[in-house]
Amino acid sequence: MNQLRNQRGTETDEVYIDPERGIAINARQMTTEQHFKYYKSSFSTLRPDLTEYEYEAFAKRLRVGESFLNHMRVFLNHESGRVTNLYSISARFDKMLNYQNQYFHLRTPFILGHRSNANRNWADASKVVNYVEKQLLKITKYGLDYPNYYAPQNENELKQREDEIYERFIKEMRKPPVVAAQ
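The letter at position 99 of the sequence shown is residue 98 when you use numbering that gives the first Met the number 0, and the numbering goes up by one with no holes.
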């Protein structure tokens with residue numbers, strides 16, 4: 000259940016997040032029927048359809064995705080500082096609008112307590128996890144997950160894996176280049 004506690008005198012009250020309307024509702028202001036409606040409609044996890052093991056894997060990938068988004072936000076912050084120092088005011092305006100839009104899209108939805116929390120809804124969390132899974136498949140496909148837990152145990156397995164990766168790179172390099180549509 001999404002709850003905000005210890006915020007503006009609500010340490011004993013439950014605050015439900017209504018994702019459809021995008022507002023927080025304090026249980027103190029609800030009737031009993033409203034309280035049960037929101038209590039039944041809120042979940043304790045982002046994906047209640049998953050088993051405990053599947054949700055644990057989902058949460059780990061979501062944590063990796065959130066970390067990636069946080070690093071991208073920090074990178075954009077540094078990049079905007081670099082643009083401020085290197086470019087004149089007229090050239091800076093167009094570049095800064097682009098960075099500003101990206102930065103605000105990467106910000107966390109709201110701040111909970113003393114730390115910044117990204118409480119995403121089901122759809123956003125699933126998009127982040129799907130992106131991470133897609134990138135992890137590419138990383139594993141090209142053998143960039145080193146050191147990994149599934150490392151070859153002996154020299155023959157290592158040589159076989161290196162040959163597979165080598166053949167994959169040769170096959171990828173022989174593909175015709177992709178021409179951008181104009």
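Just so it is clear, CB atoms sit at the ideal spot from N, CA and C, and this is done for glycine as well.
Does the beta-carbon of LEU157 have 16 or more other beta-carbons within 10 angstroms, so that it is buried, or is it exposed?
Counting of Cβ neighbours within 10 angstroms places LEU157 among the exposed residues, the total staying below 16.
Under 8 Å, with one C-beta from each stretch per pair, do the stretch 52-64 and the stretch 126-139 reach the 3-pair mark?
Here the stretch 52-64 makes contact with the stretch 126-139; the two share three or more CB pairs at distances below 8 Å.
What does the alpha-carbon distance come out to for the pair HIS34 and ASP93?
C-alpha separation (whole angstroms): 48 Å.
Contacts around TYR102, its chain only, beta-carbon distance under 8 Å, and the 5 residues preceding and following it disregarded:
Contacts found: ARG72, LEU75, ASN76, SER79.
Excluding the 5 residues flanking TRP121 on each side, which residues of the same chain have their C-beta closer than 7 Å to its C-beta?
Cβ neighbours of TRP121 beyond the five flanking positions: LEU45, ARG46.
Opening and closing residue of the alpha helix (DSSP H) in which ALA122 lies:
From DSSP, the alpha helix (DSSP H) with ALA122 extends over 121-140.
So for ASN153, helix, strand or coil by DSSP?
Of the three classes helix, strand and coil, the one that applies to ASN153 here is coil, per DSSP.
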